[in-house]
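Undergrad: Submitted below is the structure of interest, expressed as structure tokens.
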DNA sequence: ATGATAATGATATTGCATTATCAATTAGGA
DNA sequence: TCCTAATTGATAATGCAATATCATTATCAT
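Residue numbers (the numbering used here), protein chains in the order written: chain A, 79 to 201; chain B, 79 to 201.
Structural data, given as structure tokens:
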């Protein structure tokens, strides 16, 4: 039976407040404010647990450490800012991906990542 | 001055013959046929050199070791087979990605990966 | 309040792709 | 052919995210 802890709440809260996927390191830094003395191992443990419980989903991007976002969001994709290295959400792509799937291939899912500068970095 | 070696030729040939991006490991295995006793370090060295010379491009996919493909191809994306773990090329997506870019963000490039079963695995 | 045990923090360890090291080999111009 | 420097193979080392370990602390049902 899982227990309520300050650390777990802090991790959860940080992810709920950020409306973008965060890395363990980002969660670690932000969650310090709500759980002083927080350890990185605890962050990893709680992220893993919350993914297992399907309260978070893992966002895996090429060449990047894993990020995590709240589960249950509508289908969407991500924008990776090359300057600040933050990842943002973008709405679903509308194009018919089946059209680009080679004959005989079975399409399950897809991932689209946009790269560039976020609003702040473009500023 | 770079020299012509059996090993370098083997790496090059394997990548030219495969019409899909290959990992260092895949290159290593396939190139054995053309260079007996080939070492994995040599494969990595040559891949790195060929990327530096812009004869290959690096294909980085989430949670996967790097893959490499011949440079100079038309813009395209990739299909990652969940069964055999091979990656294939697919033609460019036609949708207007700028439409999904949030206001104020600057879009440089994008990557799209399709997931599913390739023809052989779907067979 | 108490006890059983879940959770934590510090840190060592793992896993894995990739790179560095180095002695031995080989390419290729003189 | 000879020489020199590029290349190679074997393997140790690196980098880094993520996990395991373990003694200590905190939760919460009783």
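Each residue gets a CB set at the ideal place from its N, CA and C atoms; glycine is no exception.
So which residues of chain B does residue 188 (chain A) contact, with C-beta pairs closer than 7 Å?
TA: Counting from 1 along the first chain, the entry for residue 188 (chain A) is found at position 110. What residue 188 (chain A) touches in chain B: 190, 191, 192, 193.
Undergrad: Restricting to Cα atoms, I'd like to know which of A:125, A:139, A:153 is closest to residue 102 (chain A).
TA: The residue labelled residue 102 (chain A) in the question sits at position 24 within the first chain. Minimum Cα distance to residue 102 (chain A) is reached at A:125.
Undergrad: Quick check: residue 140 (chain B) and residue 116 (chain A), are their CB atoms within less than 8 Å of each other?
TA: Here residue 140 (chain B) refers to the residue found at position 62 when the second chain is read from its first residue. Here residue 116 (chain A) refers to the residue found at position 38 when the first chain is read from its first residue. For residue 140 (chain B) and residue 116 (chain A), no; Cβs fall outside 8 Å.
Undergrad: Kindly list the residues whose CB is nearer than 7 Å to the CB of residue 225 (chain A), restricted to its own chain and excluding five residues on each side of it in sequence; keep chain order.
TA: The structure shown has nothing for residue 225 (chain A), since chain A only spans 79 to 201.
Undergrad: Could you tell me which of B:97, B:144, B:165 sits nearest to residue 151 (chain B), measuring between CA atoms?
TA: Sequence index remark: in the second chain, residue 151 (chain B) carries index 73 (1-based). With distances taken between Cα atoms, residue 151 (chain B) lies closest to B:97.
Undergrad: Taking the alpha-carbon positions, what's the residue 149 (chain A) to residue 94 (chain B) distance?
TA: Reading the first chain from its first residue, position 71 is the one you call residue 149 (chain A). Reading the second chain from its first residue, position 16 is the one you call residue 94 (chain B). Those two C-alpha atoms are separated by around 42 Å.
Undergrad: Name the two residues that bound the continuous alpha helix (DSSP H) containing residue 198 (chain A).
TA: In the first chain, the residue the question calls residue 198 (chain A) occupies position 120. Element bounds for residue 198 (chain A): 197 to 200.
Undergrad: Strictly by DSSP, which residues pair up with residue 146 (chain A)?
TA: Locating residue 146 (chain A) in the first chain gives position 68, counting from the first residue. Paired residue(s): A:100, A:136.
Undergrad: Pairing CB atoms from the region 182 to 200 of chain B with CB atoms from the region 186 to 201 of chain A, are three or more of them under 8 Å?
TA: Segments in contact, yes.
Undergrad: At the level of alpha carbons, what is the spacing between residue 104 (chain A) and residue 107 (chain B)?
TA: For the purposes of this step, residue 104 (chain A) is taken as residue 26 along the first chain, with counting starting at 1. For the purposes of this step, residue 107 (chain B) is taken as residue 29 along the second chain, with counting starting at 1. Answer to the nearest angstrom: the Cα atoms are 39 Å apart.
Undergrad: Ends of the beta strand (DSSP E) at residue 183 (chain B)?
TA: Residue numbering aside, residue 183 (chain B) sits at position 105 when the second chain is read from its first letter. Here residue 183 (chain B) belongs to no beta strand (DSSP E), and DSSP marks it neither H nor E.
Undergrad: Run down chain B in chain order and give the residues with a C-beta less than 8 Å from the C-beta of residue 168 (chain A).
TA: Start at 1 with the first residue of the first chain, and residue 168 (chain A) comes out as number 90. What residue 168 (chain A) touches in chain B: 178, 179, 180.
Undergrad: What's the gap between the Cα of residue 145 (chain A) and the Cα of residue 146 (chain B)?
TA: Indexing the first chain from 1 puts residue 145 (chain A) at position 67. Indexing the second chain from 1 puts residue 146 (chain B) at position 68. Cα-Cα distance, rounded: 25 Å.
Undergrad: Around the Cβ of residue 202 (chain B), are there at least 16 other Cβ atoms within 10 angstroms (buried) or fewer (exposed)?
TA: The displayed coordinates of chain B run from 79 to 201. Any statement about residue 202 (chain B) would go beyond what the structure contains.
Undergrad: Could you tell me if residue 88 (chain A) is buried or exposed, where buried requires 16 or more neighbouring beta carbons within 10 angstroms of its beta carbon?
TA: Here the question's residue 88 (chain A) lines up with position 10 in the first chain. Buried: at least 16 other Cβ atoms inside 10 Å.
Undergrad: Report all residues from its chain with a CB closer than 8 Å to the CB of residue 84 (chain B); omit the five preceding and five following residues, and keep chain order.
TA: Numbered from its first residue, the second chain carries residue 84 (chain B) at position 6. Closer than 8 Å at the Cβ level, and outside the excluded window around residue 84 (chain B), lie 112, 113.
Undergrad: Indicate the three-state DSSP secondary structure (helix, strand or coil) for residue 170 (chain B) in the structure shown.
TA: Residue 170 (chain B) sits at position 92 when you count from the first residue of the second chain. Of the three classes helix, strand and coil, the one that applies to residue 170 (chain B) here is coil, per DSSP.
Undergrad: Using a C-beta to C-beta distance shorter than 7 Å, which residues of chain A count as neighbours of residue 200 (chain B)?
TA: Taking the second chain and counting its residues from 1, one reaches residue 200 (chain B) at position 122. Going along chain A in sequence order, the residues near residue 200 (chain B) (Cβ under 7 Å) are 182, 183, 184.
Undergrad: Hey, is residue 141 (chain B)'s beta-carbon within less than 8 Å of any beta-carbon in chain A?
TA: Position 63 of the second chain, counting from 1, holds the residue named residue 141 (chain B). Answer yes: the Cβ-Cβ gap between residue 141 (chain B) and chain A drops below 8 Å somewhere.
Undergrad: Strictly under 8 Å for the Cβ-Cβ distance: is residue 145 (chain A) near chain B by that measure?
TA: As a position in the first chain, residue 145 (chain A) is number 67, starting the count at 1. No, no contact with chain B.
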